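S.K.: Sequential numbering from 3 applies to the sequence shown in our numbering.
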Amino acid sequence: MKSIDALPDAGISGDRKGRKASKETRQQQLIEATIDSLAKRGYAETTLANVADGAGLSRGIVNFHFESKERLLIATLQFMADEYAGHWMGAYEKAGPSPAARLWALVAADFDRKLTTRRKLAAWCAFWGEAKSRPTYQALCGARDARYQQLFEDLVTALKEEGGYSFEPQATTLALCATLEGLWWRLMMNDGLTREAAHAAAVEFLVGLFPRHMTREGPDPT
């Protein structure tokens, strides 16, 4: 995505502010239309032309903001990765200091309605299918996954120490993250699994791992 310089408000005319806002609005329109196209057509069949049509904008506007399909797709993946990271970090921070409450909040965030719409799940699936052969996609997704998994491992380790559990934290974290990813894949496949049922399955896994900290209703306050 072309960078837009963040200038201080002082000294910027109202007209220039309006132009900047318009560029940001147009870029977001095109990103949302790209998500729609990925969900409807898949990666290979998504073109700048159908993205422009979906956004109700001209092909020239797409070229002005992103120059190529690859730049548009990278910007879309960056937006989705940032949205996902911001969502789970927000849930983590709101949960308070308890490791159990924080882990519960992270798992619940993975199945939040905002993130698990059919269109966004389908778009993630399209990107993941291309990630193996595209280093830029690997870097964007890999960095997010590494931060996410490390945070999980820190919480799992803290719960082991609190509860006197006998499991190995790194292996347990891997199993938990793999379970969450597997449930996301099931949701992406649209095979009848609901968001609520997927969340309930993840909760069952937490209760089994941390019986002194988790109940089906939430983290045990005692």
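For glycine and all other residues, C-beta sits at the position ideal for the given N, C-alpha and C. Quantities reported herein were computed from a predicted structural model and do not represent experimental measurements.
(1) What would DSSP say about Thr217, mapped onto helix, strand or coil?
(2) With distance defined between alpha-carbon atoms, name the residue in Gly165, Glu163 and Glu155 nearest to Gln270.
(3) Skipping 5 residues on each side, what residues in its chain have a beta carbon closer than 6 Å to that of Arg214?
(4) Measuring only the C-alpha atoms, how far is Ala23 from Gln29?
(5) Using only alpha-carbon positions, find the residue among Ile37, Ala35, Gln80 and Lys71 that is nearest to Leu142.
(6) Does the beta-carbon of Pro137 have 16 or more other beta-carbons within 10 angstroms, so that it is buried, or is it exposed?
(7) With a 10 Å radius around its C-beta and 16 neighbouring C-beta atoms as the bar for buried, classify Arg61 as buried or exposed.
(8) Please state whether the Cβ-Cβ distance between Leu182 and Ala204 is less than 9 Å.
(9) Is the CB-CB distance between Ala200 and Arg188 below 9 Å?
(10) May I have the straight-line CA-CA distance separating Thr159 from Arg115, to the nearest angstrom?
(11) Assign Gly13 to one of two classes, buried (16 or more other C-beta atoms within 10 Å of its C-beta) or exposed (fewer than that).
(12) Out of Ala128, Pro99, Asn52 and Phe207, which has the shortest C-alpha to C-alpha gap to Thr174?
(13) Is the Cβ-Cβ distance between Ala87 and Tyr150 less than 9 Å?
(14) Could you work out which residue in Gln31, Tyr45, Gly44 and Ala102 is closest to Phe68 when comparing CA atoms only?
(15) Should Phe66 and Glu198 be called a contact, given that it needs their Cβ atoms to be closer than 9 Å?
(16) Is the distance from the Cβ of Leu108 to the Cβ of Leu161 below 9 Å?
(17) Along the chain, which unbroken stretches of the alpha helix (DSSP H) at least 4 residues long are found entirely within the region 36-112?
(18) For Thr27, name the three-state secondary structure that DSSP assigns.
(19) With burial defined as no fewer than 16 other Cβ atoms inside 10 Å of the residue's Cβ, what is the status of Arg104: buried or exposed?
(20) Is it buried or exposed, Pro223, if we count other Cβ atoms within 10 angstroms and call 16 or more buried?
(21) How many angstroms separate the CA atom of Met3 from the CA atom of Leu75?
M.R.: Inspection of the coordinates gives the following:
(1) Here the question's residue 217 lines up with position 215 in the sequence shown. DSSP places Thr217 in strand when its eight states are reduced to three.
(2) Nothing in the structure corresponds to residue 270, since the chain is present only between 3 and 224.
(3) To locate residue 214, count along the sequence shown from 1; it is residue 212. So the list reads Gly165, once near-sequence residues are dropped.
(4) Here the question's residue 23 lines up with position 21 in the sequence shown. Here the question's residue 29 lines up with position 27 in the sequence shown. In this predicted model, Ala23 has a pLDDT of only 47, less than 50, meaning its place in the structure is not dependable; the value taken from the coordinates is given anyway. Between the alpha carbons of Ala23 and Gln29 lies a distance of about 10 Å.
(5) Working through the sequence shown from its first residue, we reach residue 142 at position 140. Minimum Cα distance to Leu142 is reached at Gln80.
(6) On the sequence shown, residue 137 is found 135 positions in, with the first residue counted as 1. When all chains shown are included, Pro137 counts as exposed.
(7) Within the sequence shown, the letter at position 59 stands for residue 61. So Arg61 ends up on the exposed side.
(8) For the purposes of this step, residue 182 is taken as the residue at position 180 of the sequence shown. For the purposes of this step, residue 204 is taken as the residue at position 202 of the sequence shown. Yes.
(9) Translated into positions along the sequence shown, residue 200 becomes position 198. Translated into positions along the sequence shown, residue 188 becomes position 186. Yes, they are a contact pair.
(10) By 1-based counting over the sequence shown, the position of residue 159 is 157. By 1-based counting over the sequence shown, the position of residue 115 is 113. Straight-line measurement puts the Cα of Arg115 at about 29 Å from the Cα of Thr159.
(11) Looking up residue 13 in the sequence shown gives position 11. The predicted position of Gly13 is uncertain, since its pLDDT is 38 and thus under 50; no value can be drawn from it.
(12) The sequence position of residue 174 within the sequence shown is 172, counting from 1. Nearest option by C-alpha distance: Phe207.
(13) The residue you call residue 87 lines up with position 85 of the sequence shown. The residue you call residue 150 lines up with position 148 of the sequence shown. The Cβ atoms of Ala87 and Tyr150 lie closer than 9 Å to each other.
(14) As a working mapping, residue 68 is identified with position 66 in the sequence shown. Taking only the C-alpha atoms, the option nearest Phe68 is Gln31.
(15) Against the sequence shown, residue 66 aligns to sequence position 64. Against the sequence shown, residue 198 aligns to sequence position 196. No. Outside cutoff.
(16) The sequence position of residue 108 within the sequence shown is 106, counting from 1. The sequence position of residue 161 within the sequence shown is 159, counting from 1. No, the Cβ-Cβ distance between Leu108 and Leu161 is not below 9 Å.
(17) 50-57, 61-68, 71-96 and 101-112
(18) As a position in the sequence shown, residue 27 is number 25, starting the count at 1. Thr27: helix per DSSP, three-state reduction.
(19) Along the sequence shown, one-based indexing puts residue 104 at 102. Classification of Arg104: buried, given that the 10 Å Cβ count is 16 or more.
(20) In the sequence shown, counting from the first residue as 1, residue 223 sits at position 221. Classification for Pro223: exposed.
(21) In the sequence shown, the residue the question calls residue 3 occupies position 1. In the sequence shown, the residue the question calls residue 75 occupies position 73. For Met3, the pLDDT reaches just 36, beneath the cut-off of 50, and the residue's location in the model is therefore unreliable, leaving the point undetermined.
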